[in-house]
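Chains A and B, in that order, give the protein sequences. With full-length UniProt numbering as the guide, the letters of the first sequence map in order to residues 1 to 349. With full-length UniProt numbering as the guide, the letters of the second sequence map in order to residues 1 to 349.
2 protein chains.
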Amino acid sequence: MSGRAAAGQRLPTLEDVARVAGVSRATASRVINGIRNVDPQLHELVWEAVGRTGYVPNRLARSLVTRRTGTVALVVSDSETHDDDPFMGRFFADPYFGRVVGGLMSVLRRSGVQLALQIVGTDEQRTRLVGDLRNGQADGVIVLSLPAHDPLPRMLTEGEVPAVMIGRPADTVPINYVDLANDIGAALAADRLVGRGCQLIGMISGPVDVPASSDRISGFRRSMARRGHGWIPLASGNFTQASGEAAMCSLLTGHPGLDGVFVANDLMAVGALTALRAAGRRVPQDVAVVGFDDSSAALAASPPLTTVRHPLEDMAAESARLLLSRIDDASMRVSSVIYEPTLVIRESA
Amino acid sequence: MSGRAAAGQRLPTLEDVARVAGVSRATASRVINGIRNVDPQLHELVWEAVGRTGYVPNRLARSLVTRRTGTVALVVSDSETHDDDPFMGRFFADPYFGRVVGGLMSVLRRSGVQLALQIVGTDEQRTRLVGDLRNGQADGVIVLSLPAHDPLPRMLTEGEVPAVMIGRPADTVPINYVDLANDIGAALAADRLVGRGCQLIGMISGPVDVPASSDRISGFRRSMARRGHGWIPLASGNFTQASGEAAMCSLLTGHPGLDGVFVANDLMAVGALTALRAAGRRVPQDVAVVGFDDSSAALAASPPLTTVRHPLEDMAAESARLLLSRIDDASMRVSSVIYEPTLVIRESA
DNA sequence: TTGTACGCGTTATCAC
DNA sequence: GTGATAACGCGTACAA
Numbered sequence: 001m002s003g004r005a006a007a008g009q010r011l012p013t014l015e016d017v018a019r020v021a022g023v024s025r026a027t028a029s030r031v032i033n034g035i036r037n038v039d040p041q042l043h044e045l046v047w048e049a050v051g052r053t054g055y056v057p058n059r060l061a062r063s064l065v066t067r068r069t070g071t072v073a074l075v076v077s078d079s080e081t082h083d084d085d086p087f088m089g090r091f092f093a094d095p096y097f098g099r100v101v102g103g104l105m106s107v108l109r110r111s112g113v114q115l116a117l118q119i120v121g122t123d124e125q126r127t128r129l130v131g132d133l134r135n136g137q138a139d140g141v142i143v144l145s146l147p148a149h150d151p152l153p154r155m156l157t158e159g160e161v162p163a164v165m166i167g168r169p170a171d172t173v174p175i176n177y178v179d180l181a182n183d184i185g186a187a188l189a190a191d192r193l194v195g196r197g198c199q200l201i202g203m204i205s206g207p208v209d210v211p212a213s214s215d216r217i218s219g220f221r222r223s224m225a226r227r228g229h230g231w232i233p234l235a236s237g238n239f240t241q242a243s244g245e246a247a248m249c250s251l252l253t254g255h256p257g258l259d260g261v262f263v264a265n266d267l268m269a270v271g272a273l274t275a276l277r278a279a280g281r282r283v284p285q286d287v288a289v290v291g292f293d294d295s296s297a298a299l300a301a302s303p304p305l306t307t308v309r310h311p312l313e314d315m316a317a318e319s320a321r322l323l324l325s326r327i328d329d330a331s332m333r334v335s336s337v338i339y340e341p342t343l344v345i346r347e348s349a
Numbered sequence: 001m002s003g004r005a006a007a008g009q010r011l012p013t014l015e016d017v018a019r020v021a022g023v024s025r026a027t028a029s030r031v032i033n034g035i036r037n038v039d040p041q042l043h044e045l046v047w048e049a050v051g052r053t054g055y056v057p058n059r060l061a062r063s064l065v066t067r068r069t070g071t072v073a074l075v076v077s078d079s080e081t082h083d084d085d086p087f088m089g090r091f092f093a094d095p096y097f098g099r100v101v102g103g104l105m106s107v108l109r110r111s112g113v114q115l116a117l118q119i120v121g122t123d124e125q126r127t128r129l130v131g132d133l134r135n136g137q138a139d140g141v142i143v144l145s146l147p148a149h150d151p152l153p154r155m156l157t158e159g160e161v162p163a164v165m166i167g168r169p170a171d172t173v174p175i176n177y178v179d180l181a182n183d184i185g186a187a188l189a190a191d192r193l194v195g196r197g198c199q200l201i202g203m204i205s206g207p208v209d210v211p212a213s214s215d216r217i218s219g220f221r222r223s224m225a226r227r228g229h230g231w232i233p234l235a236s237g238n239f240t241q242a243s244g245e246a247a248m249c250s251l252l253t254g255h256p257g258l259d260g261v262f263v264a265n266d267l268m269a270v271g272a273l274t275a276l277r278a279a280g281r282r283v284p285q286d287v288a289v290v291g292f293d294d295s296s297a298a299l300a301a302s303p304p305l306t307t308v309r310h311p312l313e314d315m316a317a318e319s320a321r322l323l324l325s326r327i328d329d330a331s332m333r334v335s336s337v338i339y340e341p342t343l344v345i346r347e348s349a
């Protein structure tokens, strides 16, 4: 078997490999890093020594000098309600997080790039993060920004950290981002609801101060207005199933005649379905429901949700590609790519 | 404002701080690392210099010498069906992954420990991973092992890498792990189904060769046998909603009289619900359904699923704690902690 | 083409 | 208590 070092021993270093191969450390390094200009003879010798010693390069030491880590960070920027943050649990359990990670990994994996997870809640944590990043902790970052007014995007650009946001920043700052045309998605929902003849159509929105959410609200309102619905009942939740259920209840008591509702994400839509069932309303016969995201929850719901498809995996993958090329070419101009949502018709509307 | 270095410049180093403070690098280091034995005067001076220069320690350089990274890796060990792995997409979208990450972060975050994500599919990748780990790439690892016979656990113990598995290893190897008493969970399901008077009870299992899955099968069989059901119809899926639907169909055609079914996870149970509805069976009146996991899908389903609660977040959190103390004290003996599942009664059974 | 020597930013071991 | 100085493991000008 290959002579890997016994456990607990000092691990073989490049120096050891060089000694075994009978060359200088520089030559060994060249061979291992695939630099041309090396005698095929020695090339052979070095690789043999690598095998015999069980050498594996120390990434830390390498990064220290190359200033490249082969790692990108996925940073979730949150507005720390409290130290014992109940929100984070919800966030990770939400299909959203997993879809993003899956999309990112699908491209990062191919490039042998690792993903490091960073959660920052306070401004102090944000400052420290940017400091670490400038120190080369990671080659770049993908940012998931939750708070309405997050200072992080600006800090990142000022620190000249290669970064790509998933979802546009609330404040206008010159940073790369990948986003969904949320307003168009909302318009699709409006089309569907009006098109099937609904007369009194309401909406359940997410927090009104986050961009993705406000875009869906304004997009829906605008499109509905264009169709003669100048005003629509609105209730807002926080993207959780429970909040969707509560919002649906309040909407129903305020407007018993409601026969259509657009819900800003699938999780809340599932909650709305529960409330409707409890109120004795059939879906879609009595009340039509359109969700948003096309997450796994949409398909699991009963009836399966008609929903606006949010190609999160693709968007995450694209953001990873964007970041990677941005890392390779620091002079790349900031860019953004906007995805068009589509409507997935199922049974709820 | 604090004089942080202009972007694009060389970042301030410990050397710079020392110069500004008028002390030696060694002293600056001591102050920053909170070592006692330093003149309060200088202490003050150094911190002032830190603020003025905007210094932030370089973690890489620090790790190189301390051999501590402040990072643990979450490694997902998979059996790479193909390079274009369709499974991974499913895996990340599954609530399972998010719940684990959430649980881990809840404790790692407090200790200021970062989480790095690692996916390994081939043995070569596994070898490289262990090499990097031994080189101090991370202080330890949390392992999510998917394949039936995964060489990784053994490789980790042989490499003396601090590690904790979530879910016991298939082959017996001396490694720390946190697991659920899957057999007991299955017994709870059997109790419920038999208890409510079901006569012909089937099961939809996961892949038969992974431990968590086989434990649920054997636990269910044993408990059913003890209640006079010496044989039960079995169909197996792969933990996805679609596979659950298919399995339910096949079960139904083979055993039209089925009036109860235990499904090895909630996602498949949701699929089963769909199949039952399509077959015109009412739940739970015609067929009672018990799921497993108590994931968000259970609550979203209709009817809401009676299911075996799998406290994944708690288990992940515990595994993180275990790993942290194992890292602190290398001599700690290998240990395992088994969680007891409970039954959550909702409407499906 | 190969080897020498220096630097990456820290911490740790010594003398003082 | 404090300050030189040697590691840590590696890449790479520069000289040969």
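Every residue gets a Cβ at the ideal spot worked out from N, C-alpha and C, and that includes glycine.
Exercise. So what does DSSP say about B:R36, is it helix, strand or coil?
Worked result: Here residue 36 of chain B refers to the residue found at position 36 of the second sequence. Here B:R36 sits in coil by DSSP.
For this session: Closer than 6 Å by C-beta to A:R30: which residues in its own chain qualify, once you throw out the five before and the five after it? Chain order, please.
Result: Working through the first sequence from its first residue, we reach residue 30 of chain A at position 30. Excluding positions up to five away in sequence, the list reads V38.
For this session: Buried or exposed for B:I204, please, with buried defined as at least 16 other CB atoms from any protein chain shown within 10 angstroms of its CB.
Result: Counting from one through the second sequence, the residue named residue 204 of chain B turns up at place 204. By the 10 Å Cβ count, B:I204 comes out buried.
Exercise. Unbroken alpha helix (DSSP H) runs of length 4 or more, entirely within the stretch 241-329 of chain B: which are they?
Worked result: 241-254, 266-278, 296-300, 312-328
Problem set entry | Range of the contiguous alpha helix (DSSP H) that encloses B:Y339 | Position 339 of the second sequence, counting from 1, holds the residue named residue 339 of chain B. No alpha helix (DSSP H) holds B:Y339; the beta strand (DSSP E) holding it covers 336-339.
For this session: With a threshold of 6 Å, establish whether the CB of A:G51 neighbours any heavy atom of the ligand GDP.
Result: By its list of ligands, the structure shown contains no ligand whatsoever, and the ligand GDP lies outside what it can speak to.
For this session: Would you verify that the beta carbon of A:R226 is, or is not, closer than 7 Å to some beta carbon of chain B?
Result: If you number the first sequence from 1, residue 226 of chain A lands on position 226. Judged by the 7 Å Cβ criterion, A:R226 is not in contact with chain B.
Problem set entry | 8 Å contact criterion, which A:L251 and A:V263 should meet: CB distance rounded | Translated into the one-based positions of the first sequence, residue 251 of chain A becomes position 251. Translated into the one-based positions of the first sequence, residue 263 of chain A becomes position 263. Not a contact, Cβ separation roughly 10 Å.
For this session: Kindly indicate if chain B contains any beta-carbon less than 7 Å away from that of A:N58.
Result: As a working note, residue 58 of chain A is residue 58 in the first sequence. By this cut-off, A:N58 is an interface position.
Exercise. DSSP state of B:N182, grouped into three classes?
Worked result: On the second sequence, residue 182 of chain B is found 182 positions in, with the first residue counted as 1. Three-state DSSP puts B:N182 in a helix.
For this session: Taking B:G70 as part of the alpha helix (DSSP H), name the residues at either end of that continuous run.
Result: Within the second sequence, the letter at position 70 stands for residue 70 of chain B. Looking at the DSSP string, B:G70 is not in any alpha helix (DSSP H), and its letter there is neither H nor E.
For this session: Grab me the residues of A:N238's own chain with a C-beta within less than 8 Å of its C-beta, minus the 5 sequence neighbours each way, in chain order.
Result: Sequence index remark: in the first sequence, residue 238 of chain A carries index 238 (1-based). Only G206, P207 meet the Cβ criterion.
Problem set entry | Status (buried if at least 16 other CB within 10 Å, exposed otherwise) for B:P341 | Here the question's residue 341 of chain B lines up with position 341 in the second sequence. Buried, by the Cβ-count rule.
Exercise. Along chain A, in chain order, which residues have C-beta atoms closer than 9 Å to that of B:D328?
Worked result: The residue labelled residue 328 of chain B in the question sits at position 328 within the second sequence. Residues of chain A passing the Cβ test: none, with the nearest at roughly 18 Å.
Exercise. Rounded to the nearest angstrom, how far is the Cβ of B:S218 from that of B:P147, given a contact under 8 Å?
Worked result: Here residue 218 of chain B refers to the residue found at position 218 when the second sequence is read from its first residue. Here residue 147 of chain B refers to the residue found at position 147 when the second sequence is read from its first residue. Their Cβ separation, rounded to whole angstroms, is 20 Å, which puts B:S218 and B:P147 out of contact at 8 Å.
Exercise. Skipping 5 residues on each side, what residues in its chain have a beta carbon closer than 7 Å to that of B:P211?
Worked result: For the purposes of this step, residue 211 of chain B is identified with residue 211 of the second sequence, where counting begins at 1. Correct list, in chain order: G167, R168, A170.
Problem set entry | Proximity test, Cβ basis, 7 Å: B:Q9 and chain A | Taking the first residue of the second sequence as 1, we reach residue 9 of chain B at position 9. Judged by the 7 Å Cβ criterion, B:Q9 is not in contact with chain A.
Problem set entry | Distance between A:R52 and B:L117 (C-alpha atoms, nearest Å) | Taking the first residue of the second sequence as position 1, residue 117 of chain B is located at position 117. Taking the first residue of the first sequence as position 1, residue 52 of chain A is located at position 52. When rounded, the distance between both Cα atoms is 30 Å.
For this session: Compare the C-beta of B:G3 against all C-beta atoms of chain A and say whether one is closer than 7 Å.
Result: For the purposes of this step, residue 3 of chain B is identified with residue 3 of the second sequence, where counting begins at 1. Any reading at B:G3 must be qualified, since the residue scores a pLDDT of 49, below 50, and its modelled position is unreliable; no value is offered.
Exercise. Going by beta carbon distance, what residues of the same chain come within less than 7 Å of B:V334, once the five residues before and after it are set aside?
Worked result: Counting from one through the second sequence, the residue named residue 334 of chain B turns up at place 334. Result list for B:V334: P174, I175, N176, in chain order.
For this session: Find the residues of chain A that neighbour B:V270, judging by a C-beta separation of less than 8 Å, and give them in chain order.
Result: Along the second sequence, read from residue 1 onward, the residue named residue 270 of chain B stands at position 270. Correct list: A300.
Exercise. By Cβ distance below 6 Å, which residues in the same chain neighbour B:V17 in space, the five residues on each side in sequence not counted?
Worked result: Start at 1 with the first residue of the second sequence, and residue 17 of chain B comes out as number 17. A28, A49, V50, T53, Y55.
Exercise. Between B:V287 and chain A, is there a C-beta pair that is closer than 7 Å?
Worked result: Reading the second sequence from its first residue, position 287 is the one you call residue 287 of chain B. So, not an interface residue.
Exercise. For A:D183 versus A:D139, is the C-beta spacing smaller than 7 Å?
Worked result: To locate residue 183 of chain A, count along the first sequence from 1; it is residue 183. To locate residue 139 of chain A, count along the first sequence from 1; it is residue 139. Taking 7 Å as the Cβ cut-off, A:D183 and A:D139 do not qualify as a contacting pair.
Exercise. Tell me the DSSP bridge mates of A:N176?
Worked result: The residue you call residue 176 of chain A lines up with position 176 of the first sequence. Partner(s): A:V164.
Problem set entry | CB contact check: B:Q125 to chain A, cutoff 7 Å | What you label residue 125 of chain B is simply residue 125 of the second sequence in a count that begins at 1. No, its Cβ sits nowhere closer than 7 Å to a Cβ of chain A.
Exercise. If we call anything under 7 Å between Cβ atoms a contact, is A:V201 one with A:L188?
Worked result: Here residue 201 of chain A refers to the residue found at position 201 of the first sequence. Here residue 188 of chain A refers to the residue found at position 188 of the first sequence. Contrary to the premise, residue 201 of chain A reads as Ile rather than Val in this sequence. No, Cβ-Cβ distance for A:I201 and A:L188 is not below 7 Å.
Exercise. If we call anything under 7 Å between Cβ atoms a contact, is residue 360 of chain A one with A:M155?
Worked result: Any property of residue 360 of chain A remains undetermined from this structure, which presents chain A solely from 1 to 349.
Exercise. Are B:G291 and B:D266 close, meaning C-beta to C-beta below 7 Å?
Worked result: Start at 1 with the first residue of the second sequence, and residue 291 of chain B comes out as number 291. Start at 1 with the first residue of the second sequence, and residue 266 of chain B comes out as number 266. Yes; because the gap between Cβ atoms is below 7 Å, this pair is in contact.
Exercise. Three or more beta-carbon pairs under 8 Å between the stretch 86-104 of chain B and the stretch 88-103 of chain A, yes or no?
Worked result: yes
Exercise. What are the boundary residues of the beta strand (DSSP E) that includes A:A235?
Worked result: As a working note, residue 235 of chain A is residue 235 in the first sequence. Segment 234-236, the beta strand (DSSP E) holding A:A235.
Problem set entry | Any C-beta of chain A under 7 Å from that of B:A28 | If you number the second sequence from 1, residue 28 of chain B lands on position 28. Not one chain A Cβ lies under 7 Å of B:A28.
Problem set entry | B:H82 versus B:T122: straight-line alpha-carbon distance, rounded | Counting from 1 along the second sequence, the entry for residue 82 of chain B is found at position 82. Counting from 1 along the second sequence, the entry for residue 122 of chain B is found at position 122. Unreliable placement is indicated for B:H82, whose pLDDT of 49 sits below 50; no coordinate value is reported for it.
Problem set entry | Proximity to A:V308 [Cα-Cα], best of A:L60, A:E80, A:L180, A:D314 | Walking along the first sequence from the start, residue 308 of chain A turns up at place 308. Considering only alpha carbons, the answer is A:L180.
Exercise. Is the shortest distance between the beta-carbon of A:H82 and the beta-carbons of chain B less than 7 Å?
Worked result: Along the first sequence, one-based indexing puts residue 82 of chain A at 82. Residue confidence is low: A:H82 scores 49 on pLDDT, short of 50, so the model does not pin down where it sits. Its coordinate-derived value is still stated next. Closer than 7 Å: no.
Exercise. By DSSP, does A:V194 sit in helix, in strand, or in coil?
Worked result: Position 194 of the first sequence, counting from 1, holds the residue named residue 194 of chain A. Three-state DSSP puts A:V194 in a helix.
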